[in-house]
Every structure is written in C-alpha cells, then in structure tokens.
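A.B. asks: Chains as they are written, first to last, in my numbering: chain U, 70 to 470; chain R, 70 to 470.
Glycine included, each C-beta is placed from N, C-alpha and C at the ideal position.
Given the structure is predicted, the values throughout are model-derived calculations rather than measurements.
Quick one: the structure is below, and I'll ask about it shortly.
There are 2 protein chains.
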Amino acid sequence: MKQIEGGITAVQGVRAAGVHAGIKAADAKDMTLIVTDTPATAAGVFTKNSVTAAPVLVCREHLSDGQAQAVIVNSGNANACTGEVGMANARQMAAATAGQLGIDASLVLVSSTGVIGQQLPMDKIESGIQTAASALSTEGGSDAAEGIMTTDTHPKSVSIEVEINGAPVRIAGIAKGSGMIAPNMATMLSYLTTDARINAETLQTALNRVVDDTYNLLTVDTDRSTNDTVLILATRRAGNTDIVEAAGENYEAFCEGLLFVCTELVKMLARDGEGATKLVEVVVKHAKNRDDAEKAARAVAESPLVKTAVFANDANWGRIMMAIGKSGAEFDPYQVDVWLADYRLVKDGMDAGYDEDKATGLFSQDPVRITIDLRAGDTEITMWTCDYSYDYIRINADYRT
Amino acid sequence: MKQIEGGITAVQGVRAAGVHAGIKAADAKDMTLIVTDTPATAAGVFTKNSVTAAPVLVCREHLSDGQAQAVIVNSGNANACTGEVGMANARQMAAATAGQLGIDASLVLVSSTGVIGQQLPMDKIESGIQTAASALSTEGGSDAAEGIMTTDTHPKSVSIEVEINGAPVRIAGIAKGSGMIAPNMATMLSYLTTDARINAETLQTALNRVVDDTYNLLTVDTDRSTNDTVLILATRRAGNTDIVEAAGENYEAFCEGLLFVCTELVKMLARDGEGATKLVEVVVKHAKNRDDAEKAARAVAESPLVKTAVFANDANWGRIMMAIGKSGAEFDPYQVDVWLADYRLVKDGMDAGYDEDKATGLFSQDPVRITIDLRAGDTEITMWTCDYSYDYIRINADYRT
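Structure below.
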C-alpha cells in the first residue's frame, strides 16, 4: 500500500469539481460535484438520527439499485427540518445535476450540510450545479474537498494505491468535519472513490465493516447530525479479479485499503474538531466483548471532564476511572491499568506511582494515546476524539453573532 | 406546605456541625457531622457507577437494617480507587465517629468527596471528627451545608413544614454540587432529615420515587461520580400517624413534601453547575412513555451544542431537533413543537416563523425553560441542567494548575 497524490480524482474514471455558488456568505467554495464516466457500483451509510434530512432520504432511494454516477453536495444549508418543500428541493438538486450530465436522476446522490430549518436557495443551487458541471476535471480532487467544508479549518483528502491479486487498485476519499460548529451541526460527510472491480452487495458489506471501525468510532461532542453520510463509488476500471463475495484474500486486501483511507480521514476529522488542540486516541484492551469495549472507550472519549483534562495536560486518571465505571462495561475496578502513551498511570485500579511532570510532558505527543486495559477479555478497540478547549465554547456559542 | 428556617437541624431530634479539619488546603469547612438524638429510620440511594468509592460500600452495609444515628462526611478527598486501605479508612471514620458519640459503628453512615486515588489523611479526619462532635448543635444546619461543599459557590439548604393527618412534619435537606470541578469529580451528595413517623421500608420507597424525579433528572455534564449519595434520616418525633405502607393520603403528603425539598435542591445544584450562567429546565410533553420522555429530555439537556447555544442566547432550534432525533425516542419529526418559555419556535417540526430578537430576550428569564411537545403519548418529564460557558472549560482544565 502506498499513499498517492490526487485525492478522489486519482481514481480512474472519476472527475470532480468544487465551486462557489453563493450559498455561504463568505467567498468560499460551497458546492462539490463528483462524477464517474459510466455508472459506478455504489454503497452508502447514513445517519441513524430519526430526524433525517431530505437529501439522506433521496440518497437511500437512489442507492437502492446499487448504482450511481454522480454526487452533488452543497454546504451552507442542511436542508433538514424542511418538510415537503425540502424533499422536492433535494429531488430537484438530483434532477438538475442529471440534466447537466445527460444521465438519469436516479443515478445522482445528493448531500447538504449547514444551517437547519431553512429552505435551500434553489436559484443559487441550480446555477452552482451548472458551474460545477462545466468545471469537472480529473484534477478536481482538491477543489471537491474544499466545496464540502463548513467550519473545517482545512480540506481533508486521502488517496492510496493497493495491490489486489497483482493489479494496482486505487482507493481515495474526502471528508468534512465533525467540528459541528457553524453553521449548526456536526454533519460528517465523506465521499470515497475506488476503481476496484467489486459488486454492489460486497461493496456495501465492506463499507459497513469499515465504517463501524472508523466513522462510528469518531466522537467530537456526542451529538449526531441529521445529515451524516458516507458514500462510495466504484468505477471498476482496475484490473483486479471481480470481488463478488465478502470473503477471501482479495476482499480482505480491499477492506484493508479502505480501512486505511477511512482511518486517516477520521484522524483528520478528530484533529480538526471544534476548538481541538489535540487528536486523542482512546484504546480499550482486553474488554469482555466488542460492546463493552465500545461502551468503555466511548465513555472516556465523550467525557467532558476527561476532555478538559487532556486540554490542560492533566493526567487526571480518576476521571478516566469514573468514565469507564459509568459506562456499563463489565470489569473489576481493581484489575484496571491505564496508560498515557507507554507510561502507566494506574495499576490495579490505583495510582501506579507515576511522575506528574513526566505525565504532563506526554500530553505534547501527537496523538495523545490513552490506553485502558480492563483485563476482562480479548477485545480491543480504538476510538478517536479531541480535547475540549475554550474555543469549543467560543465556536459553538458565538457563531450567529 | 411552608418553607421554614434552620435547614436540616430545623427537624426535631437533629443536631449537626460543619468544621475545618484541614483536609482541603483552603481555610474552609471540610467536615460535616449530622446526628440524631436516638437511632433514626434511614434510607439511601447511591451511585450506579461500577467504580464505587469505599464510603459508599460502607454506607450500603450500615444501612441494611434501615437504621442510622449519624452521618460523617469529609470533602477534599473522595476515598475512591483506594483499595483495601481505603475500605479500612472508611470503616475507621465510622468507628471514630461512633466512639465520640458512644454509639455502635453500624449506626454511622460515611461519605467522602474530593480528589480520587489518594488515601484519606486519617489523622486530620480523626481530629476533625472530635472537633465536629464537640460542635454539634441544633443550630448547626448551615455549618453542615458548608462542610460538604467542594467547588460549590454557595451552600445549598432547604427546609419545610407540611401537615400530615393534622400534625406538623418537617422535612429538610442539604446538598453539594454537581459542579464536578475541583478537586476532581461531579460528586453529588445530599442529606435529608425529617421528623415524620415512617417505617424504613416505606421511607426507602418514598426516597427512590423522589430521587427518580429529581436527582436522577439532574445533569450537568453527563459524568456520574463514584461517590454520589442521597441519605435520609427520620427521627419519628412528629405527631403524624405512623406511615407504614407506600400508599394512602399520608404517604402521598410525605412524598409531596420530600419532592419539594429535593426539587429545590436540584435546581440549586443545576444553577450552581460548573461555569453555569443559567438554570435550564427541559420539559418533554406527550412522550410515548417515561423511557422515551427521559431519553429525549436527556439528549437535549446533555447536548453540548444545545448548552452552548443557551449560553449564547441563541434560539438554535435545529440543535434541539438533532438532539431528540438521536435520542432513540419514538416520534414523528413533523409532529414536534418546541417552545422557549411560552413562545413557540418550532411548529410541526419546522420553523414556526418566530422573531429572533424576541427569542433572544427570553434567554434572560430564569429559569430558561425549553419545552418539547412530541405529540406521541401522555407522559411528561422535566430535567434540570445549566448552560456551557467558557468557565466550564476554565474550571475543569485549570483546577490543578
């Protein structure tokens, strides 16, 4: 596996564009269009929030046949809590894109991110679609990464090449932030492309598996958006033997590549969380099972007390013990060890006799890695989050002023 | 029902003291002793955190017979994650108190709050117990409220008199904060006294019921302490007919009084949450059932995005819709109304066409009341929380520096 340049358009058969359509007040790119030369095999994972934005509902419909040829995204407006007008607008975004590309609207996937409860400015959206369609290019990967940003401080893009039964296969992705900030929500959007030959069912299985171990283990502030979306388009241009079942060496090689791309994107998202000064990895080892591992890791990663302590370089291990204790995971409190990087803070559930200055120094490592050994089983999990700083409050309190 | 002066010592047969034993660095009271003239009927509710502090384990043991005559509390050190030495120290706190009072150690309940993972300074604890025993007084209610404080900005005490089948009955309580802050933890402690004649089993049932509707619906920052404790002692000095079952007019009158005391204490705790500038009441109406009502209310009350919006006087209703959507409660998103005080922001899941300036003005009301009507059933619930301000981060990030 090697990292390559080019982002999502490094994948054969993919063109993209990111343009300024005027939806956001600032003079920034606010629309992204991703197009494959021919209909691609497609899969998606969406928010579990029961208040679901219109574009997510349209995506689910259009993905039902496992095919897509375009993804149109706007930032600046989430098209959520917008009723029937919102649904009609999401469909119109797909139809207008299809019209520009000369394809069927059912091949177009739609995303929106931004303010909730306002109708889309359809005139700007439609002229933005036209501009984006004209700008489509095999060099458009980085513009596309910019067009989906809301309060992200920088675009997020990863592209790699792996070998699958001897053939080079490319997998790439862009994402935008779980900094929920402005305008309103922690919408997490990610668009992945690959030229792997893989069928729709297997692609969906692979995506589900990788999302469970990456995007679903990312937490910035416990809130879950109405619009969260991960999509993957496979152009099938690579020379690998068609992957038609979720098993075997080729399938595993594909999953490994996809896992790498998504893990890197998730780390970028956590590091760019609202007001974040640090990427934090929470590792839970020797949990009884996956459920317990995730409960314990999530309780630590989402604890405001732990997150403010990390911001303050404070090895406040009592807060970590409190967090795993409230998580519901099964373990013996006096069998727990806690490590900061490779330095043990807690032994058998009690102070390991660590040096406070040394611990403080370890908070300057990137990422800050907190490992909790529950000694209750064989399961290990890693979650990604960030610290809580003054800027988290500033960003979320002040954005409309 | 009328509010009266005197705090927990307004109740017949109760003496108390709050003293400075030197456990906390500052020159503040850090031990509280509450004593009843004769063994009282007693009940308790404790943290569900599986990392349970030693004093909580001792309390559970000593309460098993439904009797107690004293409560000894220290602040400044939580005696949590302290192993066998911690257990021995908690038992010794009870024994030393019993020695001073000339009673059996099994009649003494013990609490600690403060830093986790350090052993109690037993010399200071034992001399503090001696000082507190000498200071016991029927005027000691307000000192007792001070002695349990950690980072609370003021003591919290409520006392009332109700009539139960014609006889005046007093119910009182003190509490300390869910501002988790310094030293380490969101320990919530509350001690209630009453002179009602009531048996142990019925007292425990009444306490469970009231705690479910008050302390368990208080959330400052989602974290739950290893030490949370609510205790009630009934001196049985009042003239009411003995309440021996959890039913009937007298039982309901007692519960009503207890509910009032605990609700007032919970509001004080929320208002004094770490860095709080506002008390926030989250009301969920017409939920399908209690479980759904609590899920939806908790998701709103614990959402960092909602709490920062309240701090900023920002009627950011999209965040409220997001929070109830992720809660798992059942409802139709397009049947939801949201009110700020008596002003409707959301109608049928969409913008009600409210005036932004008017909404902003309503954030200066105390408390800030957010009502969510789910139109899915008949259950209503109220939760209490506070906003998230810069000071939350400051307090939790800086306390050890």
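(1) Kindly list, in the order they appear in chain U, the residues whose Cβ is closer than 8 angstroms to that of tyrosine 403 (chain R).
(2) Pick from U:Asp406, U:Thr200, U:Glu318, U:Ile450: whose alpha carbon is nearest that of threonine 101 (chain U)?
(3) Should glycine 82 (chain R) go down as buried or exposed, given a rule of 16 or more other Cβ atoms within 10 Å for buried?
(4) Any idea if serine 206 (chain U) is buried or exposed, counting beta-carbon neighbours within 10 angstroms, 16 or more meaning buried?
(5) Cβ of valine 369 (chain R) within 7 angstroms of Cβ of alanine 392 (chain R)?
(6) Counting Cβ pairs, one atom from each stretch, are 3 or more of them under 8 angstroms apart for the segment 354-369 of chain R and the segment 296-307 of chain R?
(7) Please report the distance separating the alpha-carbon of alanine 165 (chain R) from that of arginine 129 (chain R).
(8) Runs of 4 residues minimum, wholly inside the segment 358-423 of chain R: which ones carry the alpha helix (DSSP H) assignment?
(9) Rounded to a whole number of angstroms, what is the C-alpha to C-alpha distance between valine 375 (chain R) and aspartate 297 (chain U)?
(10) If you draw a straight line from the C-alpha of aspartate 435 (chain R) to the C-alpha of valine 405 (chain U), how long is it?
(11) Let me check understanding here. Comparing Cα to Cα, which of U:Trp453, U:Thr283, U:Arg84, U:Asp311 lies closest to alanine 269 (chain U)?
(12) Would you mind sorting glutamate 363 (chain R) into buried or exposed? The rule is 16 or more other CB atoms within 10 Å of its CB.
(13) List, in chain order, every chain U residue whose beta-carbon is nearer than 8 angstroms to that of methionine 390 (chain R).
(14) Return the chain-ordered list of same chain residues with a C-beta closer than 7 angstroms to the C-beta of valine 125 (chain U), the five sequence neighbours on each side being excluded.
(15) Whole-angstrom Cβ separation of glutamate 230 (chain U) and lysine 71 (chain U), contact assumed at under 8 angstroms?
(16) Considering only residues of the same chain and omitting the five flanking positions on each side of alanine 410 (chain U), which have a CB-CB separation below 7 angstroms?
(17) For alanine 111 (chain R) and aspartate 426 (chain U), what's the separation of their Cα atoms in angstroms?
(18) If we count the other Cβ atoms within 10 Å of its Cβ and call it buried at 16 or more, is glutamate 215 (chain U) buried or exposed?
(19) Return the CA-CA distance between glycine 183 (chain U) and aspartate 442 (chain U), expressed in angstroms with no decimal places.
(20) Under 6 angstroms Cβ to Cβ from asparagine 234 (chain U), same chain only, skipping five residues before and after it: list those, please.
(21) How about aspartate 420 (chain R): is its C-beta nearer than 7 angstroms to some C-beta of chain U?
(22) Assuming the contact rule is C-beta atoms closer than 8 angstroms, alanine 356 (chain R) and glycine 446 (chain R) should be a hit. Round their C-beta distance to whole Å, please.
(23) For the candidate residues U:Gly171, U:Glu153, U:Leu178, U:Asp99, whose alpha-carbon lies nearest to that of glycine 39 (chain U)?
(24) Pick helix, strand or coil for methionine 337 (chain U), following the three-state DSSP scheme.
(25) Decide if the segment 325-339 of chain U is in contact with the segment 272-286 of chain U; the criterion is three or more beta carbon pairs, one per stretch, under 8 angstroms apart.
(26) Quick check: the Cα distance between alanine 90 (chain R) and methionine 162 (chain R), rounded to an integer number of angstroms?
(27) Report the residue from R:Val415, R:Leu286, R:Asp106 whose alpha carbon sits nearest the alpha carbon of valine 349 (chain R).
(28) Should lysine 395 (chain U) be flagged as near chain R, meaning a C-beta pair shorter than 7 angstroms?
(29) So is glycine 210 (chain R) in contact with chain U if we call contact Cβ pairs under 7 angstroms?
(30) Can you list, in chain order, the residues of its chain whose CB lies under 8 angstroms from that of phenylalanine 380 (chain U), leaving out five sequence neighbours each side?
(31) From the DSSP output, in three-state form, read off valine 313 (chain U) for me.
(32) Once the 5 residues before and after aspartate 106 (chain R) are set aside, which same chain residues still bring their CB inside 6 angstroms of it?
(33) Helix, strand or coil: which one does DSSP assign to tyrosine 457 (chain R)?
(34) Got a sec? Which residues, its chain only, sit under 6 angstroms from alanine 236 (chain U) by beta carbon, not counting five neighbours each side?
(35) I want to verify the contact list: residues of chain U whose CB lies under 9 angstroms from the CB of tryptophan 386 (chain R), in sequence order.
C.D. replies: Looking at the coordinates:
(1) Gly152
(2) U:Thr200
(3) buried
(4) exposed
(5) yes
(6) no
(7) 18 angstroms
(8) 359-370, 373-380, 386-395
(9) 18 angstroms
(10) 44 angstroms
(11) U:Asp311
(12) buried
(13) Val120, Ala149, Cys150, Ile185, Gly186, Thr295
(14) Phe115, Thr116, Asn296, Thr298
(15) 6 angstroms
(16) Leu431, Gln434, Arg438
(17) 46 angstroms
(18) buried
(19) 39 angstroms
(20) Asn309, Thr310, Asn319
(21) yes
(22) 5 angstroms
(23) Absent from the model: residue 39 (chain U). The displayed extent of chain U is 70 to 470, so no value can be given.
(24) helix
(25) yes
(26) 13 angstroms
(27) R:Leu286
(28) yes
(29) no
(30) Thr346, Lys347, Asp456, Tyr457, Ser458
(31) coil
(32) Gly82
(33) coil
(34) Ala307, Gly308, Asn309
(35) Cys150, Ile185, Gly186
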